[in-house]
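Residue numbers (the working numbering): 18 to 520. So the structure is just underneath, and the comments pick up after that.
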């Protein structure tokens, strides 16, 4: 890295050292026994040499032990030109000199036409300058990166939204922008000209502004500046709410809020109502302890919810989460949930309480695992357990009362699997099957095709009709379980699922 000098750095500036370590300036001035101006830098991750002390004098303090260093300004980069960093990152290797492989000299010759392509940085489809000193682009540059669709500037030295927009002018076709870990100024500085700047941001569909110092008031402005987003990451931001002021953003279906200080899910209600088509929400390590009973009303289309490493201590939280009928995947920390002396393992309880969610804590439980968990839950959970009463009543309707069955009879008992009655039709032909909701369409159709004397590999799509639900499923999703296509509440045994084979 070639340091780019400025006059004098300021305390709080983010900088890169010549050895590619990044840190924040905590001290600027003279130090005992050294000539000239020196910087005291607190490094982000790599171990340093001191705690801000030099020859017995404390010049600054560090948040981590031995993460401080003193460096000369000439060994520090305050930022560099994007084109310079692209050249340093993507320049071709020098093949003019012979290299040695197993003690034999080998020379490499590259076709002239291939060399021309390699040398043309403007043909890059992905530009990744993570952990570089990139902070701006020289306006002397006139050529654009017409083929680039992804630009990653993670952990660089960007600070200005205006400089970022200037960079985007040279990337007219990117749809994925990642600026995670840059020390950005408030977007309020360009709030007065957002409309004219949208010209350079409308192609971007995925944006990561995590750990960029974003605060509550910035979120709405960022969404205004990037109007085409379908994926938005605010991880490690200084937010505790979603301040969208009622404006609807129908395109957004993925939202990442890891390590934001959001203690109560309920505070997000107004913001989430502005994202009516949200399908994936990640809120790991948010210190969350509360989930409201009406959560399902403002997440009508959510399919994936990741709440790993949050402070849940009541099964009421799970009762509220499982009301989200569209969920296909739920990850939730169950280690702190109450577990009675005679109650089953917490994961078995989770399985028994969430029969309609195919993926739980990164696992796809088998029908046998679910069956065992439900039976154990029914046998060992007392009817007096208020947080489990609704689930117990549901399971009694499926399995019957089992309080009197002895523990050693569990393996020998013939337990109902919770089967659905299914009618498969093809023209005038039809057949009936009884399968669990976790069975895949592929297995189901294989059996049905044998009975109807059809060739399954020629089936391109099917139509599912169950209660008030009508869903068309194409061939590429036949490996998914039935309950990933339909909401099947607690192994509903009284209704019939009809599958119409479409040619």
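In this text, a Cβ means the ideal position worked out from N, Cα and C, and glycines have one as well. All values derive from a computational prediction rather than experimental measurement.
Which residue marks the beginning of the beta strand (DSSP E) containing residue i, and which one marks its end?
i	result
residue 448	446-452
residue 45	39-46
residue 502	Where residue 502 is concerned, there is no enclosing beta strand (DSSP E), although the alpha helix (DSSP H) it sits in stretches over 499-502.
residue 280	Looking at the DSSP string, residue 280 is not in any beta strand (DSSP E), and its letter there is neither H nor E.
residue 440	437-443
residue 35	Element bounds for residue 35: n/a, residue is neither H nor E.
residue 514	513-519
residue 53	Segment: none, residue 53 is in no beta strand (DSSP E) and carries neither H nor E.
residue 122	121-123
residue 259	No beta strand (DSSP E) holds residue 259; DSSP gives it neither H nor E.
With C-beta atoms as the reference, is residue i less than 7 Å away from residue j?
i	j	result
residue 363	residue 370	no
residue 324	residue 349	yes
residue 278	residue 311	no
residue 344	residue 374	yes
residue 368	residue 390	yes
residue 48	residue 71	yes
residue 296	residue 275	no
residue 204	residue 238	yes
residue 169	residue 98	no
residue 150	residue 230	no
residue 327	residue 303	yes
residue 180	residue 197	no
residue 166	residue 137	no
residue 280	residue 305	yes
residue 346	residue 376	yes
residue 440	residue 446	no
residue 341	residue 313	yes
residue 269	residue 249	yes
residue 242	residue 211	yes
residue 152	residue 174	yes
residue 459	residue 496	yes
residue 288	residue 316	no
residue 172	residue 147	yes
residue 88	residue 56	yes
residue 513	residue 438	yes
residue 393	residue 365	yes
residue 361	residue 397	yes
residue 84	residue 60	yes
residue 451	residue 469	no
Can you round the beta-carbon distance between residue i and residue j to whole angstroms, since I take them to be within the 8 Å contact cut?
i	j	result
residue 58	residue 32	7 Å
residue 86	residue 65	4 Å
residue 272	residue 298	5 Å
residue 521	residue 164	Because the chain here runs from 18 to 520, residue 521 falls outside it and cannot be looked at.
residue 395	residue 409	6 Å
residue 515	residue 482	4 Å
residue 293	residue 267	6 Å
residue 236	residue 261	7 Å
residue 177	residue 202	6 Å
residue 221	residue 246	7 Å
residue 503	residue 486	5 Å
residue 253	residue 215	Residue 253 to residue 215, Cβ: 26 Å. No contact.
Looking at the unbroken alpha helix (DSSP H) that takes in residue i, where does it start and where does it end?
i	result
residue 179	178-185
residue 212	211-214
residue 482	First-last for residue 482: 478-483, but that is the beta strand (DSSP E), not the alpha helix (DSSP H).
residue 468	458-469
residue 85	Looking at the DSSP string, residue 85 is not in any alpha helix (DSSP H); the run it does join, the beta strand (DSSP E), is 85-88.
residue 394	384-397
residue 604	This structure leaves residue 604 out entirely; the chain is present only between 18 and 520.
residue 104	99-107
residue 265	It is not in any alpha helix (DSSP H) - residue 265 carries neither H nor E in the DSSP assignment.
residue 413	406-416
residue 271	It is not in any alpha helix (DSSP H) - residue 271 instead sits in the beta strand (DSSP E) that spans 271-273.
Would residue i count as contacting chain B if we go by Cβ distances under 7 Å?
i	result
residue 408	Absent from the structure is chain B; it holds one protein chain and no more.
Given 8 Å, three or more beta-carbon pairs between the stretch 476-488 and the stretch 398-406:
The stretch 476-488 and the stretch 398-406 do not touch, with fewer than 3 CB-CB distances between them shorter than 8 Å.
Are the stretch 37-44 and the stretch 184-197 touching by the rule of at least three beta carbon pairs closer than 8 Å?
As far as the Cβ criterion goes, the stretch 37-44 does not touch the stretch 184-197, which means the pair count is below three.
Contact between the stretch 377-389 and the stretch 445-456: three or more CB pairs below 8 Å?
As far as the Cβ criterion goes, the stretch 377-389 touches the stretch 445-456, which means the pair count is three or higher.
Enumerated in chain order, which unbroken segments of the alpha helix (DSSP H) with a length of 4 residues or greater are wholly contained in the stretch 194-238?
DSSP runs (the alpha helix (DSSP H)) wholly in the stretch 194-238: 211-214.
Restricting to runs no shorter than 4 residues, where is the alpha helix (DSSP H) found entirely within the stretch 308-342?
If one requires a minimum length of 4 residues, the alpha helix (DSSP H) runs lying completely within the stretch 308-342 are 332-338, in chain order.
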